[in-house]
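Take the sequence shown: its letters are residues 1 to 92, numbered as in full-length UniProt numbering. In this text, a Cβ means the ideal position worked out from N, Cα and C, and glycines have one as well.
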Amino acid sequence: MSQATARHLLVDTEEECLIIKADIEAGKDFAEAAKDHSTCPSNAQGGDLGSFGPGQMVPEFDKVVFSAPLNKVQGPVKTQFGYHLLEVTSRN
Numbered sequence: 001m002s003q004a005t006a007r008h009l010l011v012d013t014e015e016e017c018l019i020i021k022a023d024i025e026a027g028k029d030f031a032e033a034a035k036d037h038s039t040c041p042s043n044a045q046g047g048d049l050g051s052f053g054p055g056q057m058v059p060e061f062d063k064v065v066f067s068a069p070l071n072k073v074q075g076p077v078k079t080q081f082g083y084h085l086l087e088v089t090s091r092n
């Protein structure tokens, strides 16, 4: 079974998500951005979600996590919770 590790941050608006993504792409550390802006409890760990398999996250999230290139910020990804930026850190 496939497994992935990823980190993410969650915000309320697409606009905020795009601003944060630009900051990360300009050199801000993803973990720091998650700590500063994410509304998800994972913000305390810099957005780290640990290891999980297909079907353990919402479908929109899974689709990106199990297809995106590693270590490249993806998003905004809209789910029922809001707008996410995510980065897949490993996958097998």
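Rounded straight-line distance, which links the Cα of residue j to that of residue i
i: L9; j: F52; result: 17 angstroms
i: residue 99; j: G75; result: What is shown of the chain runs 1 to 92, which leaves residue 99 out entirely.
i: G47; j: T39; result: 10 angstroms
i: K78; j: L18; result: 12 angstroms
Nearest candidate by alpha-carbon position, reference residue i, set the options
i: K35; options: E14, R7, T13 and G50; result: R7
i: R91; options: A26, G50 and G27; result: G50
i: H37; options: E16, G55, E87 and E25; result: E16
i: G27; options: V73, V88 and Q3; result: V73
Residue i classed as buried or exposed, judged by whether at least 16 other C-beta atoms fall within 10 angstroms
i: N43; result: buried
i: G82; result: buried
Identified DSSP bridge partners for residue i
i: H84; result: L10 and V77
Looking at C-beta atoms only, is the number of pairs between the segment 21-34 and the segment 52-65 that lie closer than 8 angstroms three or more? no
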